[in-house]
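Going left to right, the sequence shown walks through residues 10 to 159 as our numbering numbers them. Encoded as structure tokens, the structure appears first; notes follow it.
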Amino acid sequence: MSKEKIIKILTKNNVKPTLHRIGVMEVLTTLHTHPTADEIFKNVKINYPTISLATVYNTLDILYRNDIIKTMKHNNEPTRYDFFHEPHFHLFDNETFEIYDFKDDELRDLISNHLKDKKIDNHSIKDFDLEIKVSTGNDFFYEETFKLKK
Ligand SMILES: [Zn+2]
């Protein structure tokens, strides 16, 4: 993604586009592996050698709080980060711990319509995440997270 587009996204979400924030966003919009903070740090240092790990963590926190990125956490694994470009689900491989994007608009509409039918008092559904955990064995289960907004 171009620097101009990144600056536009940051500004639109009320985040001041500092050099290091742009650097972190460049990595997040390029890497589609749902990287950890350490992996982001390693990659952003290539073009921004003066950036510190603390700055990367602070930047990720700001980006998360402003709904620009999503986070994922599994058991004792480090938190992973994902640039929120378009709605998608995640397939989490229980054996390799890799996360794959899984786009299925039909499934999204199905869940979305179902949730709309189930009216939750004083709340509206802003967004939902669906994470499907897969393994080569027989244990197949899924996990859902619903973000509720008053
Ligand atoms: Zn993703």
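Think of the CB as a built atom: it goes at the ideal place given N, C-alpha and C, for glycine as much as any other residue.
Buried versus exposed, by CB contacts within 10 Å (16 or more), residue i
i: alanine 63; result: exposed
i: threonine 105; result: exposed
i: isoleucine 129; result: exposed
i: threonine 27; result: exposed
i: asparagine 84; result: exposed
i: leucine 69; result: buried
DSSP state of residue i mapped onto helix, strand, coil
i: valine 143; result: strand
i: leucine 116; result: helix
i: serine 133; result: strand
Cβ-based neighbour list, residue i, same chain, cut-off 7 Å, excluding 5 preceding and 5 following
i: lysine 54; result: Ile60
i: aspartate 91; result: His43, Ile78, Lys79, Met81
i: proline 96; result: Arg117
Same chain, Cβ closer than 8 Å to residue i, five either side skipped, listed in chain order
i: valine 24; result: Arg30, Ile71, Leu72, Asn75, Ile77
i: aspartate 47; result: Leu62, Pro87
i: threonine 38; result: Met10, Ile15, Phe92, His94
Chain-order list of residues whose beta-carbon lies under 6 Å from that of residue i (same chain, five-residue window excluded)
i: asparagine 22; result: Asn75, Ile77
i: leucine 124; result: Ile134
Min CB distance residue i to chain D below 8 Å
i: methionine 10; result: The chain inventory of the structure shown lacks chain D, comprising one protein chain alone.
task = Could you please go through the chain and list the residues whose beta-carbon is closer than 6 Å to any non-hydrogen atom of ligand 1?
result = What you get when you keep residues with a C-beta closer than 6 Å to any heavy atom of ligand 1 is His43, Asp91, His97, His99, Asp110.
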